[in-house]
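Student: Following this message is one structure expressed as structure tokens.
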Amino acid sequence: MTGLDGRAVERAARSSLRWSLRYTAGLDPVIAARRQQEILSDLHEHTTWAAESGISRRATARALRGRMLRGIPADLSWRRTQLTGREGIRLVPLRVDGLLLAAVAVIGVVQVAVGAFIAARQVRALVIDDISSIPDSAALTIALGSVALIAVALLGHRRTRHWGAAVLAVTGVLIFAKSVQALYYISATALLVINGVTWLETAAYAIGTGVAILCLAAAAYWSNPVRRSSAASAASLPAGEETR
Amino acid sequence: MPRRRPGVLLPIELAILDAGLTIQPREGSFFGFALARTLAERDDSALVSQGALYRALNRMETAGLLESEWEAPERAEAEGRPRRRLYRVTGAGEAAFRAAVRAEQRGTVTGEALA
Chain A
1045 MTGLDGRAVE RAARSSLRWS LRYTAGLDPV IAARRQQEIL SDLHEHTTWA
1095 AESGISRRAT ARALRGRMLR GIPADLSWRR TQLTGREGIR LVPLRVDGLL
1145 LAAVAVIGVV QVAVGAFIAA RQVRALVIDD ISSIPDSAAL TIALGSVALI
1195 AVALLGHRRT RHWGAAVLAV TGVLIFAKSV QALYYISATA LLVINGVTWL
1245 ETAAYAIGTG VAILCLAAAA YWSNPVRRSS AASAASLPAG EETR
Chain V
1207 MPRRRPGVLL PIELAILDAG LTIQPREGSF FGFALARTLA ERDDSALVSQ
1257 GALYRALNRM ETAGLLESEW EAPERAEAEG RPRRRLYRVT GAGEAAFRAA
1307 VRAEQRGTVT GEALA
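Same order as they appear, the protein sequences are chains A and V. Residue numbering for the first sequence follows this note's numbering, starting at 1045 and increasing by one per position. Residue numbering for the second sequence follows this note's numbering, starting at 1207 and increasing by one per position.
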């Protein structure tokens, strides 16, 4: 077992080395050799440190593969930079941050709007005596919309942004499907549509799941303290202290 | 040359400068995996990928934030390991880091004042 685990570390290290040979192929030999030697050194230091720290060989092999796989986009970007002389995706993390915030904010606003719409339809249905009670699905949708409103407010601050996105993931899973269920009771038009389109609720759950995945990804992205400070770090530095 | 918006430090660059300035006074220089370990311990996170780490180091060296050299082969041979690429934060790197920290503090203070 130990022998097998030991070979797993060796295989993982070899995979990383092979990958480094592949993405440095065709580059300036000096640059390629430097990167390959750095990777070789890194792999040696990693395995030595892991052995000294008592980390199991299986976990070490997993960590080595994980580091290689997670680094592939950066490796390819670096290769492109070496070939073209341009840092093509240099500012992507900053753009990603802004786009992610915009996307999650839109999701939050839509959820609030859905909650408000159902609330308005519920009030109307009660006023015109369409129904005499509040269906559970309508009450839940309104509650989820209210929670989404709080989550949108949390998005406004860097320190709480990840919490806002996480909350919107939870509300997002449910609110669309629950709003469809609520409309079944409080809207005659919706009743006809829902009866005619049998997959509507399934589609609502699918949309909710997609929304939740995006929000969870955003929450994970913003939960990293380094990234949380990215906006601040991107603030302009004094001209005399620019990085170039 | 790489496009760099004036005054912009990426989060990983800030983290590398921070960790490098922590290790450097003690060790004189730092190498890639030592940096990865320091970052992981500081953030209680997984080790940064080699791709992200060495790409950032390469970019920062090109930008003049870091300088590097291979360690003497004799030492590596004596310790039975591959040679390490040893990095140091330059004066420009340290100035950029201090400025970014000040900018962040200003942002935090402003945020707290508005809260």
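A virtual CB, placed ideally from N, CA and C, is assigned to each residue, including glycine. These numbers come from a predicted model, not from an experiment.
I'd like to know whether the C-beta of Y1235 of chain V is nearer than 8 Å to at least one C-beta of chain A.
Tutor: One detail in the question is off: residue 1235 of chain V reads as Ser in this sequence, not Tyr. Cβ-Cβ to chain A under 8 Å: no for S1235 of chain V.
Student: Answer with yes or no whether the minimum CB distance from P1288 of chain V to chain A is below 8 Å.
Tutor: yes
Student: How about G1252 of chain A: is its Cβ closer than 7 Å to a heavy atom in the ligand ZN?
Tutor: As for the ligand ZN, it is missing from this structure, which has no ligand bound.
Student: Under 8 Å, Cβ to Cβ, is there at least one residue of chain V near D1072 of chain A?
Tutor: no
Student: Quick check on DSSP: helix, strand or coil for F1236 of chain V?
Tutor: strand
Student: Looking at the structure shown, is V1295 of chain V part of a helix, part of a strand, or coil, going by DSSP?
Tutor: In this structure, V1295 of chain V counts as strand in the three-state DSSP scheme.
Student: Consult DSSP for S1059 of chain A and reduce its assignment to one of helix, strand or coil.
Tutor: helix
Student: Report, in whole angstroms, the separation of the C-beta atoms of D1086 of chain A and F1239 of chain V, which I expect to be a contact under 8 Å.
Tutor: The pair is a contact, with the Cβ atoms about 5 Å apart (cut-off 8 Å).
Student: Considering V1272 of chain V, what are the terminal residues of the beta strand (DSSP E) in which it resides?
Tutor: As written in the sequence, residue 1272 of chain V is Leu, which differs from the Val given in the question. From DSSP, the beta strand (DSSP E) with L1272 of chain V extends over 1272–1276.
Student: What is the DSSP secondary structure of G1189 of chain A, reduced to helix, strand or coil?
Tutor: helix
Student: Can you list, in chain order, the residues of the stretch 1093–1104 of chain A whose Cβ is nearer than 9 Å to any Cβ on chain V?
Tutor: The residues in question are W1093.
Student: Hey, is G1226 of chain V's beta-carbon within less than 8 Å of any beta-carbon in chain A?
Tutor: no
Student: Have a look at I1194 of chain A and I1175 of chain A and give me their C-alpha separation to the nearest angstrom.
Tutor: 29 Å
Student: What residue from A:S1190, A:A1183, A:S1059, A:L1084 has the CA that sits closest to L1113 of chain A's CA?
Tutor: A:S1059
Student: Beta-carbon of G1110 of chain A versus every beta-carbon of chain V: anything under 8 Å?
Tutor: yes
Student: With a threshold of 8 Å between beta carbons, is I1133 of chain A in contact with chain V?
Tutor: Low local confidence applies: a pLDDT of 47 at I1133 of chain A is under 50, so the model's placement there is unreliable, with the coordinate-based value given in what follows. No - not a single Cβ of chain V is within 8 Å of the one on I1133 of chain A.
Student: Give the secondary structure of P1279 of chain V by DSSP, where H, G and I count as helix, E and B as strand, and everything else as coil.
Tutor: helix
Student: Might you give, ordered along the chain, the residues of its own chain that have their beta carbon closer than 7 Å to the beta carbon of Y1067 of chain A, omitting 5 neighbours on each side?
Tutor: D1119, L1120, R1123
Student: With 9 Å as the C-beta to C-beta threshold (strictly closer), list the residues of the stretch 1214–1247 of chain A near chain V in chain order.
Tutor: none
Student: Closest Cβ-Cβ distance between G1238 of chain V and chain A: below 8 Å?
Tutor: yes
Student: 8 Å is my cut-off, CB to CB: does Y1260 of chain V come that close to chain A?
Tutor: yes
Student: I'd like to know whether the C-beta of L1253 of chain V is nearer than 8 Å to at least one C-beta of chain A.
Tutor: yes
Student: For I1116 of chain A and chain V, any beta-carbon pair shorter than 8 Å?
Tutor: It does: the Cβ of I1116 of chain A has a partner Cβ on chain V nearer than 8 Å.
Student: As a quick exercise: from V:T1268, V:A1282, V:E1273, V:R1304, pick the residue whose alpha carbon is nearest that of V1295 of chain V.
Tutor: Nearest option by C-alpha distance: V:E1273.
Student: Ends of the alpha helix (DSSP H) at T1246 of chain A?
Tutor: 1244–1267
Student: Could you tell me whether the Cβ of S1059 of chain A comes closer than 8 Å to any Cβ of chain V?
Tutor: No - not a single Cβ of chain V is within 8 Å of the one on S1059 of chain A.
Student: Look at the alpha carbon of G1098 of chain A and the alpha carbon of R1243 of chain V, and state the distance between them as a whole number of angstroms.
Tutor: 15 Å
Student: On the three-pair Cβ rule with 8 Å, is the stretch 1298–1310 of chain V touching the stretch 1270–1290 of chain V?
Tutor: yes
Student: Can you tell me whether V1214 of chain V is buried or exposed? The criterion is at least 16 other CB atoms within 10 Å of its CB, across all chains shown.
Tutor: Counting Cβ neighbours within 10 Å, V1214 of chain V comes out buried, since at least 16 surround it.
Student: With a 10 Å radius around its C-beta and 16 neighbouring C-beta atoms as the bar for buried, classify R1111 of chain A as buried or exposed.
Tutor: buried
Student: For the stretch 1271–1305 of chain V, enumerate the residues whose C-beta is nearer than 9 Å to any C-beta of chain A, in chain order.
Tutor: L1271, W1276, A1282, R1287, P1288, R1289, R1290, R1291, A1298, G1299, A1301, A1302, R1304, A1305
Student: Taking C-beta to C-beta, are I1151 of chain A and L1212 of chain A nearer than 8 Å?
Tutor: yes
Student: For R1079 of chain A, go through chain V and note every residue whose CB falls closer than 7 Å to its CB, in chain order.
Tutor: Y1260
Student: Nearest to R1106 of chain A by alpha carbon, out of A:T1242, A:G1070, A:R1055, A:D1072?
Tutor: A:R1055
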